[in-house]
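Student:
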Ligand SMILES: Cc1ncc(COP(=O)(O)O)c(C=O)c1O
């Protein structure tokens, strides 16, 4: 069984952390992964930086630009991760934009992920129909879970399509926004969380975007299976460094 | 071979909608409605009326006698430079503002490089009394001060794009991010035949008035609807798409696309996408784009801000790949010289973008009885500073 499915089966609320590979320093990747696991994080999204991250707010944009400037690239990330399964056992997902994957070659990319022990991919700009018609067979061949996003604007009909196409979890974007929003969760979010919960989807949902402290984590996981923290973690890395990861995780739960 | 978009927005292998799910409801709403709305008689009537009374269409098809004599062929200029606001861009913004109204949107966003599309968008928003936010790279804001002032006079808010390289590509990213954050009330007026489906096709349809007019105007003047060649510069490719539109499926009409080579194709400072690009995804479209081996989008360069884009619209990628279009790239120096020549021979100062199209006359030999239509996409007022500095006028 894929590590993602296994982790979800454990039934505990999932704390997932996103970070940009190559940030703050080019070779921090493995250390960040190890620290996160050591401190009880359940799932990690490793961001493959892209020059034009359309769905991201300033924090992730800046970390991506910095990582690229320091020399992060696809092959280097794979190189850094090649022995990762010797020290890290929680599920790992690579999150990035489609173009770098497309240039690497989708099959070659998936094969490499499989060899390393990556469990899934999140490629927000790879649309559902293209995934299904061109790439699903490749993902399946290499045992990779593809994670789709839904938003408060996604229609019930499309959510059902996405649920059918998913085999790990659904990435539930908390509000109409790019990453890093700090608006907090209001009535609108609660209504959205309830609506999705009532749909009784076959895939569990993990909430992302706008989760930045213990309170938002708790709110998001009331009905969802877990929550993802990205920008808030990167901000913490920027001001407190890799050594303070434990402090950050403890502040969430 | 078909050269128009299919129902999924593909031109051959290019096009589609590679967008994050956050943009799906917006683009889907547009996709489901754009053709129906454009074909409504009332919409058509209003669009045509505004093009006539407000934009000043039809723009003349002008026989350039002295230029023709110099190059020993028959050259006609399609005078998009005479459109209100000084370029073809307004054909699209008129269409899209009417579209936005039909869709019940009350806020407009746009990206701009040189400021031409920003001005054309701010103009139609003023005309309709609709709120307008234009994203523009911080660097472009500094080098295009007059257009920034125009947009402000027209009531638009100009927001600097501070990310990445702070030019057109980043302004486009910021506009897309704004749309993600405002998914309900906002319409995004893209300025060229780029972006996710249905934008390339919708913008091409709004610009197709250019070739629609060329057909009857040429019939009047030459007794034939079809020229031997249509020539246009390509940044994203909207003026070119409009000039080619009604000739795409007619192989007797040669299509010539002119890209900006900047300081030379191999100089590292160029915007010649067909020569330097590879297939990839930019701004939601699968097309040719300039990128690193790793798939990071690279910064283009051209003396003309309107051609300074690292991709081309999917229609043009297909025209290039299929061989239907002939792609020529022109350096800064060649374009500047051609701009000066047109000024001296015909009394018309072209936008530097358009100057690129004229520069091919030095390299491409036409027969004396060939009819060559060159799309004069815009006028040179906005470029006076660049001309002044270049020629030390
Ligand atoms: C006069 C003029 N021509 C051409 C262009 C390039 O755009 P497109 O390739 O979409 O026609 C611009 C863009 O700003 C322009 O202002």
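Chains as they are written, first to last, in the UniProt record's numbering: chain A, 1 to 253; chain B, 1 to 393. We put the beta carbon where it would ideally sit given N, CA and C, even for glycine.
1. Looking only at its own chain, which residues have a Cβ that is under 6 Å from the Cβ of residue 56 of chain A, when we skip the five neighbours before and after it?
2. Residues in the same chain with beta-carbon distance under 8 Å from residue 15 of chain A, minus the five sequence neighbours each way, listed in chain order, please.
3. Alpha carbon to alpha carbon, how far is residue 253 of chain B from residue 224 of chain B? Give it in angstroms, no decimals.
4. Beta carbon of residue 171 of chain B: closer than 8 Å to some heavy atom of ligand 1?
5. How about the region 287 to 300 of chain B and the region 47 to 66 of chain A: do they share at least three Cβ pairs that are nearer than 8 Å?
6. With DSSP as the reference, please indicate the residues paired to residue 112 of chain B in a beta bridge.
7. Kindly provide the ranges of any alpha helix (DSSP H) runs that are 4 or more residues long and lie completely inside the region 346 to 373 of chain B, ordered along the chain.
8. Indicate whether residue 241 of chain B and residue 208 of chain B have their beta-carbon atoms separated by less than 9 Å.
9. Could you check whether the Cβ of residue 231 of chain A sits closer than 9 Å to any Cβ belonging to chain E?
10. Please specify which runs of the alpha helix (DSSP H), each continuous and at least 4 residues long, are wholly inside the region 75 to 155 of chain A, giving them in chain order.
11. Go ahead and label residue 244 of chain B buried or exposed: buried means 16 or more other beta carbons lie within 10 angstroms of its beta carbon, across all protein chains shown.
12. To the nearest angstrom, how far is the alpha carbon of residue 328 of chain B from that of residue 259 of chain B?
13. Please list the terminal residues of the continuous alpha helix (DSSP H) segment that includes residue 202 of chain B.
14. Determine the DSSP secondary structure at residue 375 of chain B, reduced to helix, strand or coil.
15. Kindly indicate which three-state DSSP category residue 217 of chain B falls into: helix, strand or coil?
16. Would you mind reading off the limits of the alpha helix (DSSP H) that contains residue 41 of chain B?
17. Going by other Cβ atoms of all chains shown within 10 Å of its Cβ, with 16 needed for buried, is residue 161 of chain B buried or exposed?
18. Is there a C-beta anywhere in chain A that falls below 9 Å from the one on residue 64 of chain B?
19. Give the C-beta separation of residue 91 of chain A and residue 4 of chain A to the nearest angstrom, bearing in mind that I take them to be a contact with Cβ-Cβ under 8 Å.
20. Can you pull the chain B residues whose beta carbon is under 7 Å from the beta carbon of residue 177 of chain A, in chain order?
21. Using a C-beta cutoff of 9 Å, does residue 90 of chain A count as contacting chain B?
22. Do the CB positions of residue 113 of chain A and residue 144 of chain A come within less than 9 Å of each other?
23. When burial is assigned at 16 or more other CB atoms within 10 Å of the CB, is residue 388 of chain B buried or exposed?
24. By the DSSP assignment, the alpha helix (DSSP H) with residue 392 of chain B in it spans what residues?
25. Report yes if the C-beta of residue 130 of chain A is less than 8 Å from at least one heavy atom of ligand 1; otherwise report no.
26. Could you give the residue range of the alpha helix (DSSP H) that holds residue 65 of chain A?
27. For residue 131 of chain B, which of helix, strand or coil comes out of DSSP?
28. Sorry if obvious, but does the Cβ on residue 111 of chain B come closer than 8 Å to a heavy atom of ligand 1?
29. Span of the alpha helix (DSSP H) holding residue 89 of chain B?
30. Using the rule of at least 16 other Cβ atoms within 10 Å of the residue's Cβ for burial, across every protein chain shown, is residue 179 of chain B buried or exposed?
31. Under a criterion of Cβ closer than 7 Å to any non-hydrogen atom of ligand 1, which residues qualify, in chain order?
32. Cutting at 7 Å between CB atoms, please list the residues of its own chain near residue 10 of chain B, excluding the five before and the five after it.
33. Closest to residue 72 of chain B by CA distance: which of B:175, B:251 and B:370 is it?
34. Taking the alpha carbon of residue 132 of chain A as the point to measure from, which residue in A:60, A:10, A:146 and A:84 has its own alpha carbon closest?
35. Can you list, in chain order, the residues of the region 96 to 121 of chain A whose Cβ is nearer than 8 Å to any Cβ on chain B?
36. Could you tell me the distance, in whole angstroms, from the CA atom of residue 17 of chain A to the CA atom of residue 342 of chain B?
Tutor: Per the coordinate set shown:
1. 178 and 179
2. 40, 41, 42, 43, 217, 226, 227, 229, 249, 252 and 253
3. A straight-line Cα-Cα distance of about 12 Å links residue 224 of chain B and residue 253 of chain B.
4. In terms of side-chain proximity, the C-beta atom of residue 171 of chain B is found no nearer than 8 Å to any non-hydrogen atom of ligand 1.
5. yes
6. B:136
7. 352 to 359
8. yes
9. No chain E appears in this structure, whose protein chains are A and B.
10. 84 to 87, 98 to 104, 106 to 116 and 136 to 141
11. Residue 244 of chain B comes out buried.
12. 6 Å
13. 199 to 207
14. strand
15. Residue 217 of chain B: helix per DSSP, three-state reduction.
16. Element bounds for residue 41 of chain B: 41 to 50.
17. Buried.
18. no
19. 5 Å
20. 180 and 181
21. no
22. Yes, the pair counts as a contact, with Cβ atoms nearer than the cut-off.
23. exposed
24. Counting along the chain, residue 392 of chain B falls outside any alpha helix (DSSP H), and DSSP gives it neither H nor E.
25. no
26. 58 to 70
27. Residue 131 of chain B: strand per DSSP, three-state reduction.
28. No, Cβ of residue 111 of chain B sits at least 8 Å from all heavy atoms of ligand 1.
29. 89 to 102
30. buried
31. Result (chain order): B:87, B:88, B:89, B:113, B:114, B:116, B:117, B:191, B:192, B:193, B:233, B:234, B:235, B:236, B:237, B:238, B:239, B:240, B:305, B:306, B:307, B:351, B:353, B:354, B:377 and B:378.
32. 16
33. B:370
34. A:146
35. Going along the region 96 to 121 of chain A in chain order, one finds 97, 98, 99, 100, 101, 102, 103 and 104 with a Cβ nearer than 8 Å to chain B.
36. Distance between the alpha carbons of residue 17 of chain A and residue 342 of chain B is about 60 Å.
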